[in-house]
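Take the sequence shown: its position 134, counted from the start at 1, is 335 in this note's numbering, and no numbers get skipped. Before any comments, here is the structure.
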Amino acid sequence: MEAARVREYFDRTAGAFDSIYSGRRGPLMRFLDRNLRRDIYERFDLTMKACSDVPGSRVLDVGCGSGRYAIEFALRGASRVVGVDLAEPMLRLANELAGEYGVSDRCQFVLGDFLDLDLGARFDYTIAIGVFDYIVDPDTLLNKMASVTDRRLVLSFPSKSPVRQPLRNLRYWWRNCPLYFYDHNDIANLLNRNGFRRRRITKIPGTGYDYVVAVDLG
């Protein structure tokens, strides 16, 4: 049920979502993105820094959206990148962008719920950026990601905030999309109860900005 609501939301908003990365927005929206959504850009940089040995690696992007992270990994020399997403319009964008950047031969985009898929492969890095925001059962997702990963997981979590959280809740409630927020203890408890103790939790500075978490597996 929740997966269907998330899929419906991103089916409707794929183009608008990708424009945050492409910059194909009006001056006002670009200004708001840079000042109110700064964490979107900072978590991109933190994710890439957490995956420092990309050339020749295999990367899985859970909730890949329009493929911006997946394509960047391919551009940095990953030998194979698989992106999974619920929303078909997002994957159409991802395939188009992979073609534009000349990395279609190393990028595969799969439609479906990652929890229901058997990809039949292992990966050096698995990322889930902007995904745990919508997950009612984070333990199951975390463990399935770890089960197919040899080196490191990189995850983002939206932070609890007295200002941004109510505003975002209202916006997503209006669009019938579920949301879940975390503080440092919530993330630490999630990792601890699943046995993931080799980790680094980074809070992007600023009220309501995301956490980026690197979990070492190998």
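Yeah, the Cβ is synthetic: ideal placement off N, Cα and C, and Gly gets one too.
Are the Cβ atoms of residue i and residue j separated by less than 8 Å?
i    : j    : result
K361 : D384 : yes
L342 : V414 : no
I336 : T248 : no
G268 : A295 : yes
G409 : V332 : no
I405 : E243 : yes
I388 : F358 : yes
If you drop the 5 nearest sequence neighbours on each side, which residues of the same chain put their C-beta closer than 6 Å to that of residue i?
i    : result
R259 : R281, F324, D325
Q309 : V283
A275 : V282, V304, R307, C308
V416 : L354, F397, R400
At which residues does the beta strand (DSSP E) containing residue i begin and terminate?
i    : result
Y270 : No beta strand (DSSP E) contains Y270, which is instead part of the alpha helix (DSSP H) from 269-276.
K404 : 400-404
D286 : 281-286
C265 : Element bounds for C265: n/a, residue is neither H nor E.
V416 : 412-417
L312 : 308-312
Which same chain residues, not among the five before or five after residue i, have their C-beta less than 8 Å away from its C-beta?
i    : result
D340 : L391, R394, N395
N344 : N395
G257 : G278, A279, S280
L229 : Any reading at L229 must be qualified, since the residue scores a pLDDT of 44, below 50, and its modelled position is unreliable; the value itself is stated next. Cβ neighbours of L229 beyond the five flanking positions: none.
Excluding the five sequence neighbours on either side, which residues of its own chain have a C-beta within less than 7 Å of the C-beta of residue i, listed in chain order?
i    : result
G419 : D351, R352
L316 : T341, L342, K345
L233 : Note that L233 scores 48 on pLDDT, short of 50, meaning its location in the model is unreliable and no value can be drawn from it.
Starting from residue i, follow the alpha helix (DSSP H) in both directions and report where the run begins and ends.
i    : result
R394 : 385-394
R293 : 289-301
Mark residue i as exposed unless 16 or more other C-beta atoms lie within 10 angstroms of its C-beta, in which case mark it buried.
i    : result
A251 : buried
G321 : exposed
D319 : exposed
D411 : buried
E273 : buried
D246 : exposed
Taking only runs that begin and end inside the region 318-354, name each unbroken alpha helix (DSSP H) of 4 or more residues, in chain order.
The DSSP assignment places 339-348 as complete runs of the alpha helix (DSSP H) inside the region 318-354, in order along the chain (cut-off: 4 residues).
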